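Notes to accompany the following structure.
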Amino acid sequence: MKTLQKLTALSAVAILATGAFVQLAIASSNAPAALAAKATITLEAAAKTARARVAGGSIVSAELEHEHGALVWSFDLAQRNTRNITEVQVDAQTGKIVALETETTADQAKEDHADTAD
C-alpha cells in the first residue's frame, strides 16, 4: 500500500475510533469519488464486519479498492501477542468477507518494499 494511501486510511480509522460520522471518514479517505460512489456498504459497517472476524483485532489501516474482481474495503488488523497482521477484505456492495489472509512480518516487509518500487 502506498504511503499516502496508508496515511489517509489511518485518518479514516482514527475518525471511526472517535465515533465520528462515517460519511466524514469516506470523504477524508481520498478514495476516488467513482469508487466511493459505488460502495453501498459504509466504511463503518465494513469495519464492524472485519473486527467481528478477527477477535480482539484492532484496525491499523483501511482502504477502498478493486480486488478479486470486486470493490472491497480492505482492512489490516493487528492482534495482541503477535506481530502478524490479518488482512480482511469486505465486499463494498454485499458486506460479505471475500478474502482473509494473515501476513507475517516477512510478508509485510516484502509488500512495503514492493510499494516503494511503484
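For the sequence shown, my numbering gives the first residue as 1443, with consecutive numbering after it.
Glycine included, each C-beta is placed from N, C-alpha and C at the ideal position.
All figures in this text were calculated on a predicted structure; none of them were measured in a lab.
Which same chain residues end up closer than 7 Å to residue i when comparing Cβ atoms and leaving out the 5 residues on each side of it in sequence?
i	result
Gly-1499	Arg-1493, Leu-1519, Ala-1520, Gln-1521 and Thr-1528
Val-1496	Leu-1519, Gln-1521, Thr-1528 and Val-1530
Roughly how many angstroms lie between the CA atoms of residue i and residue j, to the nearest whole one?
i	j	result
Ala-1512	Ser-1503	19 Å
Asn-1523	Lys-1538	27 Å
Indicate the three-state DSSP secondary structure (helix, strand or coil) for residue i in the structure shown.
i	result
Gln-1531	strand
Thr-1524	coil
Once you ignore the five residues that flank residue i on each side, which residues in its own chain have a CB closer than 6 Å to its CB?
i	result
Thr-1397	Residue 1397 lies beyond the stretch modelled for the chain, which goes from 1443 to 1560, so this question has no answer here.
Leu-1477	Leu-1506
With respect to the alpha helix (DSSP H) encompassing residue i, which residues constitute its N-terminal and C-terminal limits?
i	result
Ala-1478	1475-1480
Give the range of the beta strand (DSSP E) segment to which residue i is assigned.
i	result
Thr-1544	1539-1545
Ala-1497	Careful: Ala-1497 lies outside any beta strand (DSSP E) and carries neither H nor E.
Can you check DSSP and say which residues form a bridge with residue i?
i	result
Leu-1519	Ile-1501 and Thr-1528
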